[in-house]
Structures are given as structure tokens and as C-alpha cells.
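Data block below; observations after.
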Amino acid sequence: MISPFPRLLLRSRLPSTSSSSSSTYRPTQRLFFLLSTSKRSLHSSRCLRRSKQEPRAGTTTPVPPSYTPPPPKSPFYFEAGYALYAKRPSRPFPPPFLSLPSSSFSEPLSTHNRSRDRRPYVNGEMIRGVTNGDDAVLVAEAFVGANDGVGAWATKDRGHAALWSRLILHFWALEIERAQFGPDSEPDPAAYLQAAFEQTKEATSKPNEWYGTTTTCGALLSGESKPILYATQLGDSQILVVRPRTKEVLYKTDEQWHWFDCPRQLGTNSPDTPTENAVVDRIEIEEDDVVLAMTDGVVDNLWEHEVVQNVMDSMEKWKDDPSRISADKEPAETTYAEGMRYVAQRLVNAAREIAEDPFAESPYMEKAIDEGLSIEGGKLDDISVVAAQCKRRKG
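Numbering (the UniProt record's numbering), first residue to last: 1 to 395.
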């Protein structure tokens, strides 16, 4: 049987002091076993070995070709962009989520044609979002999310954390679209996440049994006449809201832990559920506030003040630097979403620089030292960022 929480080599997770996490911490002998006298050399070699994976970025995540957007529930929306860096290539999704190429023309032509479609499907519908290593991100008009699949499942038979992280975001977005909330009724993101969790368990059950766990975080705009954000957190990914007008952090989620190196997570053998363990906060924001959904590849390598400074610098550079404009676009044709993509890309680059430096000071190193571990440098990990700016609809 797969152990409830796979070990993560060199994955530092510090118990939160937040009241939202009331778990009992357990001894960390397993980490000392994994990180014995060679822990520093192991960590340094990983940081020095630069990955060939190049960062990716965009402003929208894929939806089905026949997709028709539902009527907007909110007078506000997100201008959003994302950026991704994977420490290693993402594993292909297994059948039936991804069709394998046909071996011959003896198979039906429809099967052969479908096998050339490299987009993953579940229940006959294209899976929304984008995979980044074991992470997944999703950008919708009024919802953004970032999930961090626990990569150690790759060492287990039929383990696939990337599938779990992507499916939960996919079903979560669908539940939000179907939900009936508006100016006079509040959304219930934890209930939508619970439904997504149940659907993911069903999709990964026999005969298509695949194991995995993932942390999750999401930000949803309500249907009220003023901009209200619902931030949902389970685990150690993070939602952070920056107010450009004052250059300060308006809000951030708190990390949730069972014990050191083991965050709350949804999936195989985990006792956590959205209904019991997800934390949902209601935040009054302003138009032009920037919402960041980030996996721990960012927050383990950059301190909060570095994130804020990076975001503010990026927004100023985008505003003032004419070189940002694409060759095929006039200045008036550039969008806020492209600016947010630029913000996300620079934040990923900054986190990656620390992650690959074996001598850098980092939050990861600080947490490890607090636990008695002699670790230096950043933490090489998948790095995923969604940057979204709140805007009011015209008219």
C-alpha cells in the first residue's frame, strides 16, 4: 500500500503559526534519514545542475473549442497572465485521459484521428488548465488557481500527482461556472472544491486507478456590486493580494501543515477534505489590485517583500518600457493581460534564480535551519505563478 504521505527529498515545509492549522507536529527523523551527511552535496548538485526546461507563459489557459462562456456573474473580471518553470518535464497523462497513437490502420479511423489529439480529456471533455511539472494553473474570467502536486508519487506504482493537480482545478472551474451565485448570494468556493475533489476521486478510480495528492489555492470574484475576492487555501500554495496604489500586501493566505515537510493535501490516503480543512477568506479589494496565485516554488525562494517589490518593478517597467510592445501590435492594442503575463514571468525568473543558486539565502533555507537541518541555497522546484488584475466591466 502506498504510504499516506510520500516523502519529498529536500522539500522543506515549515508548520504555520496560523490558527487555521491546529495539527500536532511529528518528529522529523525521516528527513534526517533522507538528508544524512550528504545532504549538502545532494542539494548543491541539484541546484548546480540546470534544467533544460525553459519557462512558459501565457494569458489564457485552454478551453474546449466549442466552449461558450456563461453569462458573467460579477461586474468585475480578471486581466490575467501566467508563467511556469518546471524542474523536469511533465509526465504524459495516462490513458484514457490521453489517447495513445494508433498502431496501425486496422483500427477505426475515428480512433486513429483522436489519437493524434495530444490534449487530455476526462468524461469526454478537454481538461482545462495547464500542467507545469507536477503543478497546474488555471485562468478564467473571474477565477484563478494554482495547485502543487506532490512529486514523490512519481516513484509509486500508478502514481501521478500532475494528473490529480490538473483534474481538481478542471472540475473546480466547472463547478464555479455551474454555481448559482450573484449580487444577492455569496459563492461557496469550498463546496465547489469539495465537489471537484469527489469528481477527481471518481475519475481516478478503477478501472482507471491513479494515485496522487495535491495542495490547492484559488481566488474567485463574487457577484456583488463592489469587488469582493474569495480566497481558498488548502496546503502551502499561496494567494497574495498586492495593492499597487499603496505598494503593500493587502492579504495573503497562511500555509497549512500536518507536520514538518507534510502540508495539507487532497488525494490518495490523505485525511484532508475541502469541507473540513479548506480555509476560505472574504476580502474587500479595489479595482487594479493584483491577485497572485503561486505554488511553493515561489514562496520557498522569495520572501514576501521581494515578491511585492518584484511585482511593483515589473508593473512600472511594463508601463514605461516601449520594448514591451509586440512587433505586430500598436501601443493601444496591448492589454492588461499581457502586462500581467510580464509580471508573472519576471516573478518566476526571480524565484528560479534563487532556486538554482546553492549559496543563496532563501525562506527554504531559513525553515530548514529552524528544523535543525544544515541546508544552504534555494529549493529547486516547479515554479508556477498566475498574476491577475481586477478590472470593472465596461457598461
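Ideal Cβ placement from N, Cα and C applies to all residues, glycine included.
Cutoff 7 Å; reference Gly395; Cβ partners in own chain excluding five residues on either side: Residues of the same chain with a CB within less than 7 Å of the CB of Gly395, apart from the 5 flanking positions on each side, do not exist.
Reduced DSSP category for Gln389 - H, G, I as helix; E, B as strand; rest coil: DSSP places Gln389 within a strand segment (E or B) once states are collapsed to three.
Coarse secondary structure for Arg341, derived from DSSP in three states: Helix at Arg341.
Span separating the alpha-carbon of Pro274 from that of Arg282: Roughly 16 Å separates the two Cα atoms.
Burial state of Glu341, where buried means 16 or more other Cβ atoms lie within 10 Å: Correcting the residue type first, residue 341 is Arg in the shown sequence and not Glu. Counting C-beta atoms within 10 angstroms of its own C-beta, Arg341 has 16 or more neighbours from the protein chains shown and is therefore classed as buried.
Same chain only: Cβ atoms within 7 Å of Glu338, ignoring 5 sequence neighbours per side: Thr59, Gly81, listed in sequence order.
Cβ contact (3+ pairs, closer than 8 Å) linking the segment 298-316 and the segment 236-245: Counting C-beta pairs with one atom in each stretch, the segment 298-316 and the segment 236-245 have three or more that are closer than 8 Å, which means they touch.
Stretch pair the segment 291-299 + the segment 341-361: three plus CB contacts closer than 8 Å: Per the Cβ contact rule, the segment 291-299 is in contact with the segment 341-361 (3 or more Cβ pairs under 8 Å).
Segment contact, 8 Å Cβ cut-off, at least three pairs: the segment 126-144 with the segment 69-80: Contact between the segment 126-144 and the segment 69-80 is established, with three or more Cβ pairs separated by less than 8 Å.
First and last residue of the uninterrupted alpha helix (DSSP H) at Tyr364: Per DSSP, the continuous alpha helix (DSSP H) segment holding Tyr364 begins and ends at 363-370.
Contact check, Ala161 vs Gly151, beta carbons under 8 Å: Closer than 8 Å, so yes.
Buried versus exposed call for Pro120 [16 or more other C-beta atoms within 10 Å across all chains shown]: Buried, by the Cβ-count rule.
CA nearest to the CA of Ala351, picked from Ala368, Leu380, Asn147: Of the candidates Ala368, Leu380, Asn147, the one whose C-alpha sits nearest the C-alpha of Ala351 is Leu380.
Alpha-carbon spacing of Phe76 relative to Ala179, whole angstroms: Approximately 17 Å, taken between the alpha carbons.
Beta carbon of Arg264 nearer than 8 Å to that of Leu234: A contact, by the Cβ cut-off of 8 Å.
According to DSSP, residues forming a beta bridge with Met294: Answer by DSSP bridge pairing, in chain order: Gln238, Val385.
Identity of the residue in Tyr85, Asp157, Thr214 nearest Leu193 by Cα: Answer by Cα proximity: Thr214.
Assigned exposure category for Asn123 - 16 Cβ within 10 Å defines buried: Of the residues assessed, Asn123 falls on the exposed side of the cut-off, its CB having fewer than 16 other CB atoms within 10 angstroms.
Span separating the alpha-carbon of Ala388 from that of Glu125: Distance from the CA of Ala388 to the CA of Glu125, rounded to the nearest whole angstrom, comes to 26 Å.
Residues near Arg392 by beta carbon distance below 7 Å, same chain, minus five either side: Only residues of its own chain outside the window of five on either side were considered, and among them Pro75, Phe76, Glu287 have a CB closer than 7 Å to the CB of Arg392, listed in chain order.
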